[in-house]
Amino acid sequence: MLSQVIEIHDSALDEIRLEGGTAVLHFLEVYIHASEGRPALESGTGWTQEAVIRIGNARIEGEFPPESREAYGGYAHYLYDGSLAINGTISNNLIPIPLDVHGEIELTMECWGYIVRVCGSSAKLELIGKAKHVEGQHPA
1 MLSQVIEIHD SALDEIRLEG GTAVLHFLEV YIHASEGRPA LESGTGWTQE
51 AVIRIGNARI EGEFPPESRE AYGGYAHYLY DGSLAINGTI SNNLIPIPLD
101 VHGEIELTME CWGYIVRVCG SSAKLELIGK AKHVEGQHPA
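Note that the working numbering numbers the sequence shown so that position 43 is 43, with each residue one more than the last.
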């Protein structure tokens, strides 16, 4: 069975906005590692796909500078590192697919030495469109 995770490193964050207490994080592309074994630990394939993560009852701390977006022609903030904590269990650089959880959430993202944290009480991932293969053995 194929397992997938989002690697925060190399994902491209377009914007974070609040909609009625929910933080909406729009990614022009997330980097997805897919594997028959343990994704991000065993060999597999790399993909990119547009995505939205919604964090309920959100609090946003920090922001990325405009220069980090401008360095890529205004496209997005390319993330360098991060983590996702769910009820105190921290996953460094990885976001599980699927993601639809309730509990204590803390998503931390780093870009150009700046850190943004989004904390809340739920997290839901929506993948948009079709994934594009970028590396590794393409499945037949």
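Note that the Cβ used here is the ideal one computed from N, Cα and C, for glycine as well.
Quantities reported herein were computed from a predicted structural model and do not represent experimental measurements.
Counting along the chain, the unbroken alpha helix (DSSP H) around Ser68 starts and ends at Pro66 to Glu70. Linking Leu79 to Ser35 through their CA atoms gives a straight-line distance of about 22 Å. With respect to Asn87, Gly103 sits close: the two C-beta atoms are nearer than 8 Å. Judged by DSSP in its simplified three-state form, Ser43 adopts coil rather than helix or strand. In the three-state scheme derived from DSSP, where H, G and I count as helix and E and B as strand, Tyr80 is classed as coil. Looking only at Glu15, Thr45 and Ile90, the smallest Cα-Cα distance to Lys132 is reached by Thr45.
Residue burial is scored here from C-beta neighbours: Thr89 has fewer than 16 other C-beta atoms within 10 angstroms and is therefore classed as exposed. Rounded to the nearest whole angstrom, the CA to CA distance from Lys124 to Gly136 is 28 Å. According to the DSSP assignment, Tyr114 belongs to the beta strand (DSSP E) that extends over Tyr114 to Glu135.
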